[in-house]
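In what follows, a single structure is set out as structure tokens and then discussed.
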Ligand code: FES
Ligand code: FES
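Chains as they are written, first to last, in the numbering used here: chain A, 182 to 933; chain B, 138 to 292.
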């Protein structure tokens, strides 16, 4: 997903002093608020002592591990702490976890850089990015404790072992617990050290199933999320935004709103210039009040006349027709291997199909919110954000603040992210309002705000064509896509680059077929677009894996066998997009075979039932799924079972991997069943979960199996990999059950 | 007017049409009850009113008046979790966790009405949305909670 804007300085992690890099234990959310120095508290369990930036140890032997990347349900609070704990040498049961505040500093080159480690959550990179550094951080903390013991006992650190929270000197039979050593360790300085890391055979925590660390806090209703945070003196703001894409306010009557008790002010927020990068998304009026309820009532009382903007003619139907029109012409060739046209002329059999993807919304269950406190020299931000550095940058931008280090960011737990909170537009709103009223402000979005003002998953029409020779070899393949890319309104990005967010040319069957052409048509739309979990992989997996089944059906060939013979054996192919640099088709074949075996693919199904298969390589991870469906005479669809096989190399927390697989399956299913953003007159017409009908338990598969491949490949993430194969496996199963091919998403009432 | 929240009776003299959800979250600072849709469609705001699972975002204060309200914060008895909470931890249901307080409050009520629900009964009675798609574990946790309650775990 969005690349962080800074590079990690390796030195910053490896040569810190324990004091300067201390992990600060923060207070619980509701009362939290002002920057960290005020928030340091001594807990009843005893004063914690930090051992480096990621670890603090209390005298009662409990250990607090800070995790750098925001937690949004993907399980990094637990998995990242496991990396640290493994090397630190503590019982994971004793570990508590804490979200780290954003750490930035000025690097040697004078540019802003990460203080410790990159801190974004996106692109399934939290595990891959932290695999080494967080284990090193754990090892360094252990070295500090060992060094403390060595000094106390006046022996060499080499003679000491650290395990299970205890440092031992075997020769003299002395031992001391981490809790006992913590205070001393706080004074130890280590120079430039490169710790040895534990080898895989000796892992005791990594690779074992661990339950989520915050489970108890969640089931008891402890405040954890941005929406739960408050700071003293905070005002509440609710914003009436222009519902029309790029529209503006023509006139406003604020009098009724201002007359409501508790309403303090009404503040205009300007939309960004047309075509300029988004800071806030839309023009609007913020009603600022003493209470949330007063702000909500105030917004209801505003009378605003909107200008409908440049896209007032856009509808879902007009956009689809626009994409169909584009596909009739010639597009931008973004990859061209061999000679596709000649291959098609020479082909024995050719195939063609078009597929449609609607706009969809992220709809995290926690609506957007942010607290920003703008003061004379500092700004403090508390927000659920996947990209805390983006929050810092966007606020620096809208408030024209040069010193980015004067802006502190405290990310909270997120009530879902799915890519929506890579954008910090809601933080920018809160900053503008706080500055304007001169008080800390919490902006709260409602559900209709969130559905109308999302950065939607791009919509588009895909056309696929393939040719096979008389021997049955795949000889030509093309994918033509007309879509509105999420790469737009970006600085220094010409339209000829927009395809890069929409097509990943090294995806299957890139490098597996000699004559391969990929063509892009940049469609125009006013709907804001952004990164939606597994971005373009969802669309590309759906079209490619559906098309393969269509080809197999027409050729009278088994769909699994067709895939396996195109993929072939284990080997390394170049993969230049995110998740590369290598794609191993043998590993994809491996998960296909495993899912097929475990899911009984190819067995005869009862009347009205079907079993479908699909696979995809997503950001370095290989997943295949077998989906069983039953379709009744009225077209009622039920998913009976999903069996998945997962190869993401080294697994950190198998329990978390399964959870993400299950969640990805349900996300894919929910989206395929009924989800589409509807556009009419240049605005989104969905308002709430009645017209954006997220799946409930009744439609969720009662059986999900997750089979994890064990191997020695380096770790990939799992936040997104479970999702892309689901929709095509589902569509393929529906075809087996009914003979009806789903080419347009969502499925809606197409089976009725 | 008077309402009773988690056993404590309090006076309220604000708007009678304000949703109970905002009273709980903003006035009483009980943040466990969540806001998801504000329209009775997702269940994130589920609390018990006189023992019945109710969506507090569409329950005005005038309707809450004189009732007994219980929120997620009062479900455990001290350190002793309610069997539904316990089952949620055992099955490790939560992902982002945002929907789960509402899910748990809905399931506590469900198990009081139907102590051992079948999958069909769960499907028909549980309409809370989980955007993270934790339904597979959630279903297992409902069965587990039924078991725990059955064995007198919470007696
Ligand atoms: S917030 Fe009350 S039902 Fe969604
Ligand atoms: S756990 Fe995230 S919405 Fe249910």
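Ideal Cβ positions, reconstructed from N, Cα and C, are used throughout, including at glycine.
*With distances taken between CB atoms, is the gap from residue 287 of chain B to residue 392 of chain A smaller than 8 Å?*
no
*Give a yes or no on whether the minimum CB-CB distance between residue 714 of chain A and chain B is below 8 Å.*
no
_Would residue 264 of chain A and residue 833 of chain A qualify as a contact pair, given that the criterion is a beta-carbon distance under 8 Å?_
yes
_CA-to-CA distance, residue 824 of chain A to residue 357 of chain A, given in whole angstroms_ = 49 Å
*asked:* Please report the distance separating the alpha-carbon of residue 307 of chain A from that of residue 255 of chain A.
replied: 10 Å
*List the endpoints of the continuous alpha helix (DSSP H) containing residue 718 of chain A.*
716-736
*Neighbour list for residue 401 of chain A in chain B, Cβ cutoff strictly below 9 Å*: 169, 209, 210, 212, 213, 218, 222, 238
*Partners in chain A for residue 232 of chain B, counting only beta-carbon separations shorter than 7 Å*: 254, 840, 844
*Terminal residues of the continuous alpha helix (DSSP H) containing residue 839 of chain A?*
835-855
*From residue 665 of chain A to residue 319 of chain A, what distance separates their C-alpha atoms?*
44 Å
_Please identify the residue among A:323, A:930, A:272 whose C-alpha is closest to the C-alpha of residue 947 of chain A._
Residue numbering for chain A in the displayed model covers 182 to 933; residue 947 of chain A lies beyond these limits and cannot be assessed.
*residue 798 of chain A, enclosing alpha helix (DSSP H) - first and last residue*: Run containing residue 798 of chain A: none in the alpha helix (DSSP H); it sits in the beta strand (DSSP E), 790-799.
*At a Cβ threshold of 8 Å, is residue 145 of chain B touching chain A?*
no
*State yes or no: is the beta carbon of residue 198 of chain B nearer than 8 Å to at least one beta carbon in chain A?*
no
*Is any beta-carbon of chain A found at less than 8 Å from that of residue 150 of chain B?*
no
*asked:* Less than 8 Å between the beta carbons of residue 537 of chain A and residue 926 of chain A, yes or no?
replied: yes
_Just verifying my parser: in three-state terms, what is the DSSP assignment at residue 249 of chain A?_
coil
*Can you list, in chain order, the residues of the segment 855-871 of chain A whose Cβ is nearer than 8 Å to any Cβ on chain B?*
869, 870, 871
_Test item: CB-CB of residue 490 of chain A and residue 425 of chain A under 8 Å_ = yes
*residue 542 of chain A and residue 873 of chain A look like a contact to me (Cβ under 8 Å); what is the Cβ gap, rounded to whole Å?*
6 Å
*Do the segment 725-742 of chain A and the segment 324-335 of chain A make contact, defined as three or more Cβ pairs closer than 8 Å?*
no
_Exposed unless 16 or more other CB atoms sit within 10 angstroms - verdict on residue 169 of chain B_ = buried
*When the cut-off is 8 Å and only beta carbons count, does residue 229 of chain B lie next to chain A?*
yes
*Report the option in A:723, A:570, A:852, A:757 whose CA atom is closest to the CA atom of residue 285 of chain A.*
A:570
*Look up residue 412 of chain A in the DSSP assignment and give the residues it is bridged to.*
In DSSP, residue 412 of chain A forms no bridge with anything.
*Closer than 6 Å from C-beta to any heavy atom of ligand 2: which residues, in chain order?*
A:254, A:546, A:597, B:231, B:232, B:233, B:234, B:235, B:236, B:237, B:267, B:268, B:269, B:271
*Which same chain residues, not among the five before or five after residue 336 of chain A, have their C-beta less than 7 Å away from its C-beta?*
350
*Rounded separation between residue 915 of chain A and residue 864 of chain A - CA only*: 33 Å
*Do residue 172 of chain B and ligand 1 come close, with the Cβ less than 7 Å from some heavy atom?*
yes
*Along the segment 271-282 of chain B, what residues have a CB closer than 8 Å to any CB found in chain A?*
271, 272, 273, 274, 275, 276
*Within the 8 Å Cβ cut-off, does residue 138 of chain B reach chain A?*
no
_Taking 7 Å as the cut-off, is the C-beta of residue 263 of chain B nearer than that to any heavy atom in ligand 1?_
no
*For residue 166 of chain B, which of A:331, A:410, A:789 has the nearest alpha-carbon?*
A:410
_Alpha-carbon to alpha-carbon, residue 500 of chain A and residue 423 of chain A_ = 21 Å
*Contact under 8 Å by Cβ, residue 303 of chain A with residue 568 of chain A*: yes
*Among all the DSSP beta bridges, which residues are the ones paired with residue 640 of chain A?*
Answer by DSSP bridge pairing: none, since residue 640 of chain A is not bridged.
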